[in-house]
Amino acid sequence: MSLEQNSTTTEFPSWFIPLDTIHIICYAFTIVVALLFLFIIIYDKLYTTVPMMLFTNSCISELFFATSLFAMATFRIRNDIRHVHFYDSFCIFMAYLGYVSVGVQNYSYLLQAIYRYILIVHPTRLFYQSIEFQLFLIGSSWIFCTIYPIVLWSTGQIKYIFDDGICQMPLELSFVTIFNAFYVYFIPMSSIILIYLRMVQYMRDMRKHVTTANRLFHAKRELRMIRRIVSLVFILVTLGLPYAIFIFMSFFDVAPKYHFRIAFTFICASLVLVMIALLEITEPLKNSLMSKLSRQQSKEIQELVLRLYNDGCDGNEIHKSLRGLISKRTIFYWLKSIKATGTIQLQGPPGCPM
198 MSLEQNSTTT EFPSWFIPLD TIHIICYAFT IVVALLFLFI IIYDKLYTTV PMMLFTNSCI
258 SELFFATSLF AMATFRIRND IRHVHFYDSF CIFMAYLGYV SVGVQNYSYL LQAIYRYILI
318 VHPTRLFYQS IEFQLFLIGS SWIFCTIYPI VLWSTGQIKY IFDDGICQMP LELSFVTIFN
378 AFYVYFIPMS SIILIYLRMV QYMRDMRKHV TTANRLFHAK RELRMIRRIV SLVFILVTLG
438 LPYAIFIFMS FFDVAPKYHF RIAFTFICAS LVLVMIALLE ITEPLKNSLM SKLSRQQSKE
498 IQELVLRLYN DGCDGNEIHK SLRGLISKRT IFYWLKSIKA TGTIQLQGPP GCPM
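Here it is, written out as structure tokens:
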């Protein structure tokens, strides 16, 4: 594709660069948090169970999505700063990756919901609960989400949008626009909601019949997990609503001038909220992270106790300085350890919380 430059056909309002900066910050935050999650998962080997394997897939998809959007945002802010329009085949490729990554993201949450549904409604079908089958579904979702945008790319559907400074498929009344919206957005989102409603109905039917307490307990637990996934969907649907509205408005040629800039602002906010929600709803990851933070805080307190002791403070003075951070019994236990060995034992006295 030939390179094009133009500095006269489109205005560059003053709010472009601040908005671009906000986008970049949100995407960078998402990338850092996703990498942190993946590091903890790999370091603590949390990926060995099917639920955490599916969660890892969601983290990778969020990282992929945020990275593609980050590349698009840096490309756009460069043009906005220079007040020029410049694009090449790489711009088209970034748009292609954007369509791939958003599809992978949405279907990753659908796979989590499907797995929870199988656990409760079809508990005896162990093959569908196996790691092998779930890996097959994950691989299939990535393959299909990678293949379908190739059609958009190869047929020239992805174009440079001068007003928005990025390469995207123009919003207009066409089969491709409708298919794209349904394939990457409406199908996975609506399917998750339908699975949740089906699970609620199934739970009601279980209460009407004789059901073991153990199975009912597990069903309630999985239903809570699906409800948490639905909360993620609620974030994605709510903050993705402007994009959907602009698609509908484009059918009547009344979409606002900078619709992609506006829509992507809501999308970048959704990424930040989703990463926070993922940490909140994933107990193994949250417990692992809190454990690491607790150990780090304990180490810092130990170093402070040792420094105060070396400065000549006794146990009561140290406890007064660290009131609310550590129990008095633990302080005297540590001081006893210091006098005996010159160091602090990592654990506190038996039966005494830090």
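In this text, residue positions in the sequence shown follow my numbering: the first is 198, and each later residue adds one. Glycine is no exception: its CB is placed at the ideal position from the N, C-alpha and C atoms.
By the Cβ test, the region 298-318 is not in contact with the region 280-289, since fewer than three Cβ pairs between them sit closer than 8 angstroms.
For the pair Ser327 and Ser255, the CB atoms are not nearer than the 8 angstroms cut-off. Relative to the Cα of Ser265, the nearest Cα in the group Tyr380, Gly295, Arg418 and Ile426 belongs to Gly295. Residue burial annotation: Val348 is exposed, with fewer than 16 other C-beta atoms found within 10 angstroms of its C-beta. Listed as beta-bridge partners of Lys356 by DSSP are Gln365. Per DSSP, Tyr244 lies in no beta strand (DSSP E) and is assigned neither H nor E.
Counting along the chain, the unbroken alpha helix (DSSP H) around Tyr312 starts and ends at Ser286 to Val318. Going by beta carbons, Val299 and Phe262 fall inside the 8 angstroms limit.
Counting along the chain, no alpha helix (DSSP H) covers Thr321, and no H or E run does either.
Fewer than three Cβ pairs drawn from the region 234-253 and the region 274-283 lie within less than 8 angstroms of each other, which leaves the two stretches out of contact. Under the criterion of beta carbons closer than 8 angstroms, Tyr399 and Trp350 do not qualify as touching, at roughly 42 angstroms. In the three-state reduction of the DSSP assignment, Phe209 falls in the coil class. The criterion of a C-beta distance shorter than 8 angstroms is not satisfied by Met446 and Ile363. Per DSSP, Thr374 is one residue of the alpha helix (DSSP H) stretching across Phe372 to Ala378.
Our two residues, Val297 and Leu334, have alpha carbons roughly 16 angstroms apart in a direct line. Bounds of the alpha helix (DSSP H) holding Ala466 are His456 to Ile478. The residues Leu420 and Ile423, in chain order, have a CB closer than 6 angstroms to that of Met396 in the same chain once the five nearest residues on each side in sequence are set aside. Comparing C-alpha distances from Val247 to each of Val301, Phe213, Ile315 and Thr462 shows the shortest one belongs to Ile315. Around the beta carbon of Pro320, a 10 Å sphere encloses fewer than 16 other beta carbons of the protein chains shown; the residue is thus reported as exposed. Per DSSP, the unbroken alpha helix (DSSP H) holding Pro346 starts and ends at Ile328 to Ser351. Here Tyr382 is actually not in contact with Tyr345; their C-beta atoms are around 13 angstroms apart, not less than 8 angstroms. When Cβ pairs closer than 8 angstroms are counted between the two stretches, the region 425-443 is seen not to touch the region 212-232, the count staying below three. The beta carbon of Arg273 sits closer than 7 angstroms to the beta carbons of Asp217, Gly362 and Ile363 from its chain, once the five residues preceding and following it are set aside; these are given in chain order.
The shortest C-alpha to C-alpha distance from Phe461 to any of Gln331, Ile442 and Leu486 is the one to Ile442.
The three-state reading of DSSP puts Phe448 in coil, since its state is none of H, G, I, E or B. The alpha-carbon separation between Val301 and Glu500 amounts to approximately 46 angstroms. Here the alpha carbons of Lys483 and Thr527 stand approximately 26 angstroms from one another. Val451 and Gln331 have their C-alpha atoms spaced approximately 43 angstroms apart.
The residue from Tyr244, Trp339 and Thr271 with its alpha-carbon nearest to that of Ile214 is Thr271. Residue nearest to Asp402 within the set Ile389, Lys417 and Ile390 is Lys417 (criterion: CA-CA distance).
Look at Gly437 here: in three-state DSSP terms it is helix.
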